[in-house]
Amino acid sequence: MSDLLSKFDALAAERAGVLTAGVRDPFAIVMEQVKSPTEAVIDGRDTILLGTYNYMGMTFDPDVIAAGQEALAKFGAGTTGSRVLNGTYQGHKACEEALKDFYGMDHAIVFSTGYLANLGIVSTLAGKGDYIILDADSHASIYDGCYLGNADIVRFKHNSAEDLEKRLRRLPPEAGKLVILEGVYSMLGDIAPLKELVAIAKAHGAMVLVDEAHGMGFFGENGRGVYEAAGVADDVDFVIGTFSKSVGTVGGFCVSNHPKFEILRLVCRPYVFTASLPPAVVACAATSIRKLMHAHDKRARLWDMSRKLHGGLIAQGFRLATATPESAIVSVLMPDQETTVRMWQALLELGVYVNMSRPPATPAGVFLLRCSLCAAHSAEQLEAVLQHFERAAAETGLFRQAAE
Amino acid sequence: MTDRAGIYARIIELIQPLNSKSIVLTENTSFAGDLEMDSLTVMDLVASMEDEWDIVMPLNMLPDLETIGQVADAVMRLVTK
Ligand SMILES: Cc1ncc(COP(=O)(O)O)c(C=O)c1O
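Chains as they are written, first to last, in UniProt numbering: chain A, 1 to 404; chain B, 1 to 81.
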């Protein structure tokens with residue numbers, strides 16, 4: 001009998017190798033206490049959180065917590081049902097209303113996570129004989145949505161208008177087409193040239209879906225995302241988003257002005273065949289979304305923090321994934337797996353948590369320490385972060401190695 | 001060159017720079033097993049073949065294309081379609 005788990009032996013061995021070198025497992029962090037959107041206790045140590053996508057710091061907002069507590073007490077701990085059976089409470093409808101108001105759109109569907117929103121919408125919109133044209137660096141949930149469906153999948157070079165155009169030109173003019181883009185790409189923290197890409201998609205008769213997971217809350221006049229800032233709202237057919245970043249809880253959604261949008265509730269399997277979000281979660285989300293409409297000060301602060309971190313790290317000699325701060329994600333380029341893990345651990349021991357990312361999650365085989373900022377980070381925390389980066393680089397010999 | 005032999009020869013040229021262990025390439029060489037290519041590398045290779053022959057090779061075709069010979073057959077079909 002062959003052991004089905006043997007196919008992972010190589011990965012297990014690589015991981016064991018890293019761990020026996022005395023390194024803490026980067027993928028097994030436990031938050032023992034969470035004190036605020038920017039501070040937790042890890043391994044008994046106070047740690048600045050610099051890798052949680054909690055961009056707007058809404059996780060501990062008093063109004064959000066109060067709304068969640070009230071819903072928990074009034075409606076119970078969970079719905080025990082699908083959105084299409086017994087799992088739609090007034091809180092789910094209120095949350096969809098908040099999304100419609102936030103985006104100024106006619107329709108909103110709430111899913112249990114952003115992963116499920118992409119899985120469901122992508123696999124359902126494009127069927128057999130249709131084409132999906134997606135950016136090569138698309139999030140795993142978009143790729144998985146492609147594989148769940150029956151459309152033909154065409155991939156274009158990351159953020160390349162020229163490559164998108166070339167690939168669209170090869171497709172049959174009469175076929176249904178869905179172009180999938182993201183506002184912010186979360187690995188490198190770069191943004192998409194949506195004006196150019198959306199114009200090309202429309203010129204070839206494609207519908208356009210933009211995932212704004214990392215853009216909601218602080219891009220554009222109303223915080224709707226990069227597509228709003230780029231001025232292409234009228235040409236975007238579907239926007240996908242998540243509650244797990246700026247909104248500060250969990251959940252996913254798709255919003256649209258398409259007049260036939262509501263039918264998707266009946267045909268989208270990742271909407272139908274899973275339980276709906278708990279009442280407390282949708283109450284938190286609705287309250288948070290409504291507050292984000294007016295969060296102009298926080299937005300300005302977040303951008304200020306991103307510029308300072310980006311500029312500070314460049315000044316210290318780090319190589320960053322973007323030449324200028326394009327989003328609230330600042331990705332530090334690292335030379336190899338071993339240095340990345342040692343640097344990551346040195347930062348953790350100094351009291352800074354960042355995300356470590358490695359291929360195949362990253363494009364072009366790069367190793368990254370990804371930092372994401374929060375509007376609630378203080379000037380002192382940022383100062384401490386920069387000092388700790390400098391010290392961690394000295395301890396791991398990062399710059400010495402790079403100079404060789 | 002759009003005959004089977006010409007397509008095969010050009011595919012070998014496109015793969016050669018990615019053949020880091022310099023193994024001997026044949027019709028039966030597999031991408032995942034023999035060449036140890038990860039999925040990203042395979043997708044980039046597909047993109048270069050699409051551009052070479054101005055064809056569309058959807059990613060959902062890839063599970064059926066394990067060897068160089070199978071890819072050459074697929075390109076041949078798409079080119080003559
Ligand atoms: C671009 C993108 N889309 C979708 C998701 C999935 O969101 P969620 O965490 O709600 O499943 C994420 C984040 O994980 C993401 O980065």
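Idealized CB from N, CA, C, for every residue including glycine.
Residues near Val226 (chain A) by beta carbon distance below 7 Å, same chain, minus five either side: What you label residue 226 (chain A) is simply residue 226 of the first sequence in a count that begins at 1. These residues qualify, in order along the chain: Gly183, Val184, Ile191, Ala192, Leu194, Glu212, Gly215 and Phe219.
Proximity test, His139 (chain A) beta-carbon vs ligand 1 heavy atom, cut-off 6 Å: Counting from one through the first sequence, the residue named residue 139 (chain A) turns up at place 139. His139 (chain A): yes, Cβ under 6 Å from ligand 1.
Where Asn19 (chain B) sits in the DSSP three-state scheme: Position 19 of the second sequence, counted from the start, is the residue given in the question as residue 19 (chain B). In the three-state DSSP reduction, Asn19 (chain B) falls in the coil class, being neither helix nor strand.
Below-7 Å beta-carbon distance, Val179 (chain A) vs any chain B residue: As a first step, residue 179 (chain A) must be located in the first sequence, where it is residue number 179. It does not; no Cβ of chain B falls within 7 Å.
Helix, strand or coil at His107 (chain A) [DSSP, three-state]: Taking the first sequence and counting its residues from 1, the one referred to as residue 107 (chain A) is at position 107. Strand, per DSSP.
Residues of the segment 164-175 of chain A with Cβ closer than 7 Å to any Cβ of chain B, in chain order: Arg170 and Leu171
C-beta contact flag for Arg83 (chain A) and Ser276 (chain A) at 7 Å: Taking the first sequence and counting its residues from 1, the one referred to as residue 83 (chain A) is at position 83. Taking the first sequence and counting its residues from 1, the one referred to as residue 276 (chain A) is at position 276. In this structure, Ser276 (chain A) lies closer than 7 Å to Arg83 (chain A) by Cβ.
Of the listed residues A:Leu119, A:Ala175 and A:Asn118, nearest to His204 (chain A) (C-alpha basis): Taking the first sequence and counting its residues from 1, one reaches residue 204 (chain A) at position 204. Selected option, being the one with the closest Cα: A:Ala175.
Environment of Gly68 (chain A) [buried if 16+ CB atoms lie within 10 Å]: Stepping through the first sequence from its first residue, residue 68 (chain A) is reached at position 68. Gly68 (chain A) should be labelled buried.
4-residue-minimum alpha helix (DSSP H) runs that sit fully inside the segment 317-388 of chain A, ordered along the chain: For the segment 317-388 of chain A, whole alpha helix (DSSP H) runs of length 4 or above, ordered along the chain, are 337-350.
Proximity of Val236 (chain A) and Val208 (chain A) at Cβ, strictly below 7 Å: By 1-based counting over the first sequence, the position of residue 236 (chain A) is 236. By 1-based counting over the first sequence, the position of residue 208 (chain A) is 208. Yes, the Cβ-Cβ distance between Val236 (chain A) and Val208 (chain A) is below 7 Å.
C-beta neighbour in chain B for residue 423 (chain A), strict 7 Å: Any property of residue 423 (chain A) remains undetermined from this structure, which presents chain A solely from 1 to 404.
Closer than 7 Å to chain A by CB, Met43 (chain B): Here residue 43 (chain B) refers to the residue found at position 43 of the second sequence. It does; some Cβ of chain A falls within 7 Å.
Check: Asp211 (chain A) C-beta below 6 Å from any heavy atom of ligand 1: Sequence index remark: in the first sequence, residue 211 (chain A) carries index 211 (1-based). Yes; taking the cut-off as 6 Å, the Cβ of Asp211 (chain A) has a heavy atom of ligand 1 nearer than that.
Proximity test, Tyr271 (chain A) beta-carbon vs ligand 1 heavy atom, cut-off 6 Å: In the first sequence, residue 271 (chain A) corresponds to position 271, counting from 1. For ligand 1, not one heavy atom lies less than 6 Å from the Cβ of Tyr271 (chain A).
Near-chain A residues of the segment 13-33 of chain B (beta-carbon distance less than 7 Å), N- to C-terminal order: none
Three or more C-beta pairs below 8 Å linking the segment 300-312 of chain A and the segment 150-167 of chain A: no
For Phe75 (chain A), the first and last residue of its enclosing alpha helix (DSSP H): Sequence index remark: in the first sequence, residue 75 (chain A) carries index 75 (1-based). Pro62 to Phe75 is the extent of the alpha helix (DSSP H) around Phe75 (chain A).
Nearest residue (CA-CA) to Asn257 (chain A), options A:Ser6, A:Gly22, A:His377 and A:Asp101: On the first sequence, residue 257 (chain A) is found 257 positions in, with the first residue counted as 1. For Asn257 (chain A), the closest of A:Ser6, A:Gly22, A:His377 and A:Asp101 by C-alpha to C-alpha distance is A:Asp101.
Integer-rounded CB distance, given that Leu148 (chain A) should sit under 8 Å from Ile200 (chain A): What you label residue 200 (chain A) is simply residue 200 of the first sequence in a count that begins at 1. What you label residue 148 (chain A) is simply residue 148 of the first sequence in a count that begins at 1. Not quite, the Cβ-Cβ distance comes to about 26 Å (not below 8 Å), so this is no contact.
Residue-level contact to chain A via CB, Leu40 (chain B), 7 Å cutoff: Walking along the second sequence from the start, residue 40 (chain B) turns up at place 40. So yes, Leu40 (chain B) belongs to the interface.
Gly252 (chain A) CB to nearest heavy atom of ligand 1 below 6 Å: Residue numbering aside, residue 252 (chain A) sits at position 252 when the first sequence is read from its first letter. Checking the Cβ of Gly252 (chain A) against ligand 1 gives yes.
Positions along the segment 56-67 of chain B whose CB lies within less than 7 Å of some CB in chain A: Val56, Pro58, Leu59 and Asn60
Three-state secondary structure (DSSP) of Met57 (chain B): Counting from 1 along the second sequence, the entry for residue 57 (chain B) is found at position 57. Looking at Met57 (chain B) - three-state DSSP - the assignment turns out to be coil, as it is neither helix nor strand.
Endpoints, beta strand (DSSP E) assigned at Ile48 (chain A): In the first sequence, counting from the first residue as 1, residue 48 (chain A) sits at position 48. Residues Arg45 to Leu49.
Any beta strand (DSSP E) of 3 or more consecutive residues that is wholly inside the segment 131-197 of chain A: Segments of the beta strand (DSSP E) lying fully in the segment 131-197 of chain A: 131-135, 152-156 and 177-182.
Where Glu39 (chain A) sits in the DSSP three-state scheme: Working through the first sequence from its first residue, we reach residue 39 (chain A) at position 39. In the structure shown, Glu39 (chain A) sits in a strand (DSSP, three-state: E or B).
Paired residues, beta bridge with Cys268 (chain A) - DSSP: Position 268 of the first sequence, counted from the first residue, corresponds to residue 268 (chain A). BP columns for Cys268 (chain A) are empty, so no partner.
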